[in-house]
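What follows is a short report on a single structure.
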Amino acid sequence: MSYDLIIIGAGHNGLTAAAAQAARRRKVLVLEARAEPGGLAAGLEFHPGFRTSGVLHDSSGLRSSVITSLGLESHGLRRRPISTSVFAPQAEGPGLLLHGEPSRAAEEIAVHSTVDAERYGRFCEFQKKIGPYLRNLLNTAPPDISPRGFGQFWDLFRRGMGLRRLGREDMFECLRIGPLSVSDWLGEWFESDLLKANLAAPALLGTWAGPRSAGTAALLLMHQSVAENEVIGGPAALVRALNAACEARGVELRCGARVARILVDASKVKGVELADGQVIDSTRVASAVDPRQTFLDLIDPRELPLGLAEPISNWRCRGTTAKIHLALDGPLEFSSRPGQSFDAVRIGEDLTGIERAFDAVKYRRLPEAPHLDIRVPSLLDPGLAPDGMQVVSIQVHFVPYDLDGGWTDDRRADLIESSLAQLSKVAPSCRDRIVGHQLLTPVDLERDFGTSGGHIHHGEQALDQLLSLRPQARCARYATPISGLYLCGSGSHPGGGISSAPGMLAAQAIR
Amino acid sequence: MSDRSYDSIVIGGGHNGLVCAAYLARAGQKVLVLERRHVLGGAAVTEELYPGFKYSVCSYVVSLLRPEIIRDLQLPKYGLEILPLECSFTPELDGPGLVRWPDADKTRREIARLSKRDSEVYPLFGREMAKVGRMVKPILEMVPPDPTSLNPANLMEMLKLGRLFGRLSEEERILQAKMFTMSAIDFLDEWFESDLLKATMGVSGIIGTFQGVRSPGTAYVLMHHYMGEIDGAFRAWGISKGGTGMISQAIAESAKNLGAEIRTEAGVAQIMVRAGRAKGVVLEDGTELTARHVISGVDPHRTFLGLCEAGDLDAEFLASIKKFKMRGSSGKVNLALDRFPEFTCRPGDGMHVRGDLAIAPSVDYLERAFDDAKYGDFSRRPFMNVVIPSLLDPSVAPPGKHVMSIFVQYAPYAIKEGPEAWPERREAFGDAVIETLAEYCPDLESSILHRQVLSPWDIEQQMGLTEGNIFHGELSLEQLFFMRPTPLWARYQTPIRGLWMCASGTHPGGGIMGASGANAARRILKSRVRA
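Chains as they are written, first to last, in this note's numbering: chain A, 335 to 845; chain B, 58 to 588.
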């Protein structure tokens, strides 16, 4: 049997690429090693009757252009305005409810600092002003930096002019901020620790960098510029819609089909070989699995083009995020705001504390006070838990993949305990309401979801692993030096998270 | 008034100020250099604080001094003599340590003990870095173009820069992009596997910064220190005979010979500005001196926040100067020693100690030293770069005795008790340094005749470097090239007409390089027509 295109991995990027290519009347086969599609975006039953809305739980990066061009709304996708409230609780104090609407957020900020409240509006305005430039950068293929004639100079020139259009001062400001640490940048604006910690958190998800590491300000700007509306039902609902879109376009999806090898002959793709030995022919293969696996595990080293093995083996993908899922028999309540419920919560009261949590990763240790990014998906989608009960989804930042001494049962228990201790400081009643839980360490994520190093972004998002260098200059524009082989996962520009952008941009690059 | 009026007045007799003055004098200007202290050199000074022992008080090694400056100013004629530091030694507590020798084969055998693979890669790495250095070299001598200006002269400079980039191969472009963004250790990880070797090499990435070896951006600082190896042979670091002050002395002599006037103990209190134009300076004793150009050889903070009236500058510019990160992170301990102290892991005063020594036994050790500093403390177990100049240059100590120069990191200016608390913490800091070094060198404590401890606060007080930053501002990506010290004023000129900058706070930055001073002089001479 032969296909126009085989896609390896039915994560949300693989499905996006499949649906987009099928719309061009191509016969597409998607091969998924797991029993169901979705990868890290899929929902997961972690305790009888309790489901998550996706291992990755933030869907605010999903591009509107993807929804429109794939007609996802006709396949059941619904959105709501970006998290109306991200709550930063305090052990002592009222906490901070950071509203999506700047003027309402400012009211809350004023409780902590009137100066900050006044500046917050200007801070949001600045981001809004440079937003279009960044969105353009993140929603198009990265510039070609190979020395190849006039075309690329034109492209670089055009982008340069785009930056120039921001005006002299804002342009320089962008260039200046990018390499800063998020701590330095926010420090220039604000004084409240709680506000700074809350704003910085999204920049640190999945990084091997603390708030004081240079370059994290760029990550924050990137995150903020693309944050839009959230998918109702979370990433899992996106997977359902993508799946329906694929089905409607005749994409064939095979689950439980693990690809063992990408067949390459004379630098051309021939097809794939499954773990059970079956060979499927195709002159085009797009890989949605991470770059390390694609090039180092799935391709015969003798077929790998010269000079590719080395940069790919240098690809940094040391996972730093663990997941904890809690099944609660009642609401998640915070002592600072009794009786209220919040679906998005960040726990970390100051940047110094978060920096200390990061320090542990450097020495392959567990953080004493982990930094938690929490969602309560069952508040928005009550079907995820039995009546009156809740699902709490926790991304635990700064948990090392290569833990010193290995991930023994004791260490797993330590991580759960320290995370719950953090949570209990602000939500004391929570511990007694736990009826079930699950821990996924980076090692578990690697085993269950096949991402190298358990990295949720398929590779660190550091300045040298972004844009034209993601995952490597010669395959940054989705095509690879192997003719017919493409990359379409989070290891490609613009990187990880639930955006569907790499999948969509790859689909546009597939010839 | 004619005797009090000059073409140019240079504030600060540091090496960049002196270089700038010398070039201006060479072009026929009437130049005056004003130095607040009794000695010239700024951070590049030699002082005899203990009879018979000459300390290179702050700056202690040289490698980046531009060869064309040495040539143009005929520095050897005025007494400049560089003694090469040929070895680099990293002692260990439980092992023989690592020595990199002048002989490549011997070095390869040393490294092979740690890792066979690393020993093979090591020479390739050196060649690659030299290549990067060559790429960067033309940029060092360039007045940074303004990427937003459509002025034809500026566009030509941009084009020149574009051509430089255009000539690079794909691999070189990638390498450059990585150098500017990666951490020193991530960068070295791509080449080497031995922890001791990576630690030894990684320290070049943190010297003078408030960053750890794992902090993104430190790969650039690593390269900044490698640039000294471009023109000469490998390991082109050296010390100046008679101490670092001799470099300043030679430049000053050359400048004087070219007609420049140099005054010491003449501190500038204020830069006189009339109608947006610099008119001259007021000295601390009230004397007013006028000049067409006033050139600041002190750091940007001191220039604009200290010597200018707030009313002479607009608020936005002042805000951008305040954002320019100073953050001194290093201290200095200078010792007068009764005898040569033996290092346990390699005894004797042979070749191996006649270079620089690094206390950098592992990558984690260095990173932990940084962790202490991050939270406002000096490192309990710091990174140190040690040189014993008296082994190479007996003139700096009495016969049989020695001076030891210890550069220490981290000692953050802003300790948690506040910078003013440094005088109370200074000796504890000195103790931590001696204790750490004594682990490798048990003889040390009993051989100390005199010790001088300089915290970044002391460096600020004595040398006038804001927050004790030895580079006049951090060498982080957003503070380099056309952004140094601020994006809109990176071409040695300032918002005040006739006021210029010529020191390390401008492109290409710190170290005894002289490039800032020479570039600024070039720029000022070009502007003469308009003045």
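Glycine included, C-beta positions come from ideal geometry on N, C-alpha and C.
- Fewer than three beta-carbon pairs drawn from the stretch 383-395 of chain B and the stretch 125-142 of chain B are found closer than 8 Å, and the two stretches are therefore not classed as touching.
- Distances from the alpha-carbon of Leu718 of chain A to those of A:Pro701, A:Ala747, A:Val760, A:Ile566 put A:Ile566 closest.
- Closest by C-alpha distance to Leu363 of chain A, out of A:Phe380, A:Leu514, A:Ser616, A:Gly823, is A:Ser616.
- For a cut-off of 8 Å, the C-beta gap from Ala835 of chain A to Tyr812 of chain A is around 11 Å, too long to register as a contact.
- In its chain, beyond the 5 residues on either side, Gly410 have a beta carbon closer than 7 Å to the beta carbon of Arg574 of chain A.
- Under the DSSP assignment, Lys583 of chain B falls in the alpha helix (DSSP H) whose first and last residues are 572-583.
- Around the beta carbon of Ala691 of chain A, 16 or more other beta carbons lie within 10 angstroms, which makes this residue buried.
- Cβ-Cβ distances below 6 Å link Val510 of chain B to Val390, Arg483, Gly487 in the same chain, with the five nearest sequence neighbours on each side left out; the list follows chain order.
- Around the beta carbon of Leu216 of chain B, a 10 Å sphere encloses fewer than 16 other beta carbons of the protein chains shown; the residue is thus reported as exposed.
- Not one beta carbon of chain A lies nearer than 8 Å to the beta carbon of Thr563 of chain B.
- Here Leu638 of chain A really is in contact with Phe629 of chain A; their C-beta atoms are around 6 Å apart, less than 8 Å.
- Against chain A, the CB of Arg174 of chain B has no partner CB under 8 Å away; the residue lies outside that interface.
- Here Trp294 of chain B is buried. Its C-beta has 16 or more other C-beta atoms within 10 Å.
- Under the 10 Å beta carbon count, Glu322 of chain B is surrounded by fewer than 16 other beta carbons and is classified as exposed.
- When DSSP states are grouped into helix, strand and coil, Cys589 of chain A belongs to the strand group.
- According to DSSP, residue pairing for Glu564 of chain A in a beta bridge involves A:Arg414.
- Across the set B:Gly259, B:Arg123, B:Leu225, the C-alpha of B:Arg123 shows the shortest separation from the C-alpha of Glu198 of chain B.
- Under the three-state reduction of DSSP output, Gln518 of chain B falls in the helix class.
- Residue burial annotation: Gly274 of chain B is buried, with at least 16 other C-beta atoms found within 10 angstroms of its C-beta.
- Cβ-Cβ distances below 7 Å link Arg437 of chain B to Asp429, Ala489 in the same chain, with the five nearest sequence neighbours on each side left out; the list follows chain order.
- Within 10 angstroms of the beta-carbon of Ala369 of chain A lie fewer than 16 other beta-carbons, which makes it exposed.
- Sequence-distant partners of Ala276 of chain B (beyond 5 residues in either direction) whose C-beta falls short of 8 Å from its own C-beta, in its chain, are Lys235, Met236, Phe237, Thr238, Met239, Ser240, Ala241, Asp243, Phe244, Gly262.
- From the listed residues A:Gly343, A:Leu839, A:Ala841, the smallest Cα separation to Gly590 of chain A is found for A:Gly343.
- Across the set B:Tyr117, B:Tyr80, B:Cys77, the C-alpha of B:Tyr117 shows the shortest separation from the C-alpha of Met461 of chain B.
- Look at the beta carbons and you see the stretch 337-352 of chain B not touching the stretch 369-381 of chain B: under three pairs across the two are nearer than 8 Å.
- Taking C-beta atoms under 8 Å as the contact rule, Phe538 of chain B and Gly567 of chain B fail to qualify, at a distance of about 14 Å.
- Beta-carbon to beta-carbon, Arg384 of chain B and Asn208 of chain B are separated by about 34 Å, too far to satisfy the 8 Å threshold.
- Inclusion of Leu572 of chain A and Ala375 of chain A in the CB contact set at 8 Å is warranted, their separation being smaller than that value.
- Closest option to Arg508 of chain B, judged by alpha-carbon separation, among B:Ile491, B:Asn442, B:Pro404, B:Met520: B:Ile491.
- Residue pairing by DSSP puts Met558 of chain B in a beta bridge opposite B:Ser353.
- For Pro141 of chain B, no alpha helix (DSSP H) segment is defined; the enclosing uninterrupted segment is the beta strand (DSSP E) at 139-141.
- In summary, the residues of the stretch 244-271 of chain B whose CB is separated from some CB of chain A by less than 8 Å are Asp246, Glu247, Gln268, Arg271, in the order they occur in the chain.
- In this structure, the beta-carbon distance from Gly818 of chain A to Arg618 of chain A falls below 8 Å.
- The beta carbon of Glu214 of chain B does not come within 8 Å of any beta carbon belonging to chain A, so the residue lies off that interface.
- Note: Asn442 of chain B is bridge-paired with B:Ala415, B:Phe464 in the DSSP secondary-structure output.
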